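**Q** One structure coming up, written as structure tokens, with questions to follow.
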């Protein structure tokens with residue numbers, strides 16, 4: 005397999021994801037992929053982790069114009085003002101979800117299960133820059149929707165042993 009796609013497919017994609025910062029990171033990476041290849045994002049993941057300070061929700065939520073300017077000047081990430089603004093806004097939204105539900109993952113669990121179209125509607129109402137494809141990929145990758153791997157894929161059984169949310173329906 006590909007040196008980046010292979011390990012991502014075999015060790016990350018579709019595996020149940022917990023931890024609010026990890027979920028936030030996935031959300032930011034997915035929204036940055038819009039209009040680009042996933043390989044482009046995989047190549048820039050470490051740069052994103054550094055530029056967004058480990059995707060600590062409270063830090064990113066507090067970003068101001070100086071941080072936006074810093075990120076816009078960082079060639080190691082996707083320099084798109086709308087995507088950067090969405091990342092900051094979504095961190096602030098997640099702070100509110102944490103206050104109401106205890107964690108981002110608890111909010112996801114609260115709304116699970118639901119059909120993909122209902123998830124897409126919920127994400128569009130809750131977050132910025134989360135259309136159908138971004139929401140679907142986020143939820144598949146985090147283990148909330150099926151479809152990351154076919155049953156014939158050897159990784160499917162590895163994920164099944166972890167009992168992701170979509171299998172508990």
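In the numbering used here, the protein residues as written are 5 to 173. Every residue gets a Cβ at the ideal spot worked out from N, C-alpha and C, and that includes glycine. A quick note: this is a predicted structure, and the numbers were derived from the prediction, not measured.
Would you call residue 149 buried or exposed, if buried means 16 or more other Cβ atoms sit within 10 Å of its Cβ?
**A** By the neighbour-count rule (16 or more Cβ atoms within 10 Å), residue 149 is buried.
**Q** Assuming residue 51 contacts residue 81 under a Cβ cut-off of 8 Å, what Cβ separation, rounded to an integer in Å, is found between them?
**A** Confirmed, about 5 Å.
**Q** For residue 152, does the three-state DSSP call read helix, strand or coil?
**A** The answer is coil: DSSP assigns residue 152 none of H, G, I, E or B.
**Q** For residue 34, collect the residues of the same chain with a Cβ closer than 6 Å to its Cβ; drop the 5 residues on either side in sequence, then sort them by chain order.
**A** The answer, listed in chain order, is 138, 141, 142.
**Q** Along the chain, where does the alpha helix (DSSP H) that runs through residue 163 open and close?
**A** Element bounds for residue 163: 158 to 165.
**Q** Can you find the residues in the same chain that come closer than 7 Å, C-beta to C-beta, to residue 153, ignoring five residues on each side of it along the sequence?
**A** If we look at residue 153 and ignore the five residues flanking it on each side, its Cβ neighbours are 18, 159, 160, 163.
**Q** Taking the alpha carbon of residue 134 as the point to measure from, which residue in 38, 116, 74 has its own alpha carbon closest?
**A** Answer by Cα proximity: 38.
**Q** For a quick check, are the C-beta atoms of residue 12 and residue 46 less than 7 Å apart?
**A** Yes.
**Q** Find the nearest neighbour of residue 65 within the set 97, 40, 54, 84, judged by alpha-carbon distance.
**A** When each option's Cα is compared against that of residue 65, the closest is 97.
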